[in-house]
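Contents: one structure, followed by commentary.
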Amino acid sequence: MAQLKSGVVLAAILVTGLALNAEAQWPSDCATATTAAPAGSSPVLYNLPDGHGSPLTQARVNGGIVDATITLTLLDNGCLPIANFAAADMWLQKSVAAGTGNFESCIGGTIADANTDDAGITRWTNPLRAGGWSTSRTLVVIAGSPLISNDGLVLRHNSADINGDRVVDLMDIPLFAADFGTTAFRSDLKFDGVVNISDIPVMASGIGAVCP
Ligand SMILES: [Ca+2]
Ligand SMILES: [Ca+2]
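Using numbering that gives the first Met the number 0, the letters of the sequence shown correspond one by one to residues 0 to 211.
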């Protein structure tokens, strides 16, 4: 009898535990994020710490501009919309992969454009406030946890803040100069596959940019 009782108690604990686990899944795997960039493209977003880089609507691919707007549909575990979720709690960050860049954002520099609407939708179109570069995927993070419905979006980043200290100053110039004439991604600021004379005005106009 004692054994039966303890078995029932154990089963009850397991069921409760499973229920709690299901409730605690965050973000829900119903929540999704997509990019407007054409499938197969690998857009590059030019950022400055002061927010005067490119909007996501004007990311670069080799040979032109693409709209890389990110759209998040924030749904709960019942796949129902989470409305009016705070923009400040939804942000972008680079996926943690070794050797893929030194991307760093200012505080609040990669948050969503607005709170979620009644359908649970928000977007990223405004320029980010960030520096450094990244060739890894861009993660959509909800209150500290990356979306689990995908492993990040294809969006690379670069900046006149080449060393990723969130200041564009004379420290960045030698890095740009060293990359001149090469295909170094970090310094290909007007992205077209080569660091050349057309990247110089972009570098120059970034000088002095700092986080707000
Ligand atoms: Ca710098
Ligand atoms: Ca270039």
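C-beta: ideal position from N, C-alpha, C; glycine also.
Next on the checklist: Does Thr182 pass the burial test, meaning 16 or more other C-beta atoms within 10 Å, or should it be called exposed?
Outcome noted: exposed
Checklist entry - Is it true that the segment 167-183 meets the segment 55-73, where meeting means three or more beta-carbon pairs spaced less than 8 Å apart? => result no
Checklist entry - Is it buried or exposed for Pro173, if we count other Cβ within 10 angstroms and need 16 for buried? => result exposed
Next on the checklist: Measuring only the C-alpha atoms, how far is Ala35 from Arg136?
Outcome noted: So the alpha carbons of these two residues sit roughly 15 Å apart.
Next on the checklist: For a test of your reading of the model: does the CB of Val166 fall under 6 Å from any non-hydrogen atom of ligand 1? Yes or no.
Outcome noted: It does: the Cβ of Val166 is within 6 Å (strictly closer) of some heavy atom of ligand 1.
Next on the checklist: Looking at the secondary structure, which residues open and close the alpha helix (DSSP H) in which Ser158 lies?
Outcome noted: Boundaries around Ser158 are those of the beta strand (DSSP E), 155-158, since no alpha helix (DSSP H) includes it.
Checklist entry - Which residue's Cα is closest to the Cα of Asn125: Pro211, Asn76, Ile69? => result Shortest Cα-Cα distance from Asn125 to any of Pro211, Asn76, Ile69 involves Ile69.
Checklist entry - To the nearest angstrom, how far is it from the Cα of Lys93 to the Cα of Ile196? => result 28 Å
Checklist entry - Among the residues of its own chain, which have a CB less than 6 Å from the CB of Leu73, if the five just before and after it don't count? => result Ala30, Ile81, Phe84, Thr115, Gly119
Checklist entry - Is the closest heavy atom of ligand 1 to the C-beta of Asp171 under 6 Å? => result yes
Checklist entry - If we count the other Cβ atoms within 10 Å of its Cβ and call it buried at 16 or more, is Leu17 buried or exposed? => result At Leu17, the pLDDT of 48 sits below 50, so the modelled position is not reliable and the matter cannot be decided from this model.
Checklist entry - Out of curiosity, what's the CA-to-CA distance linking Ser133 and Gln24? => result 29 Å
Item to check | Backbone CA spacing between Ala203 and Asp28 [nearest angstrom] | outcome: Going by the C-alpha atoms only, they are around 43 Å apart.
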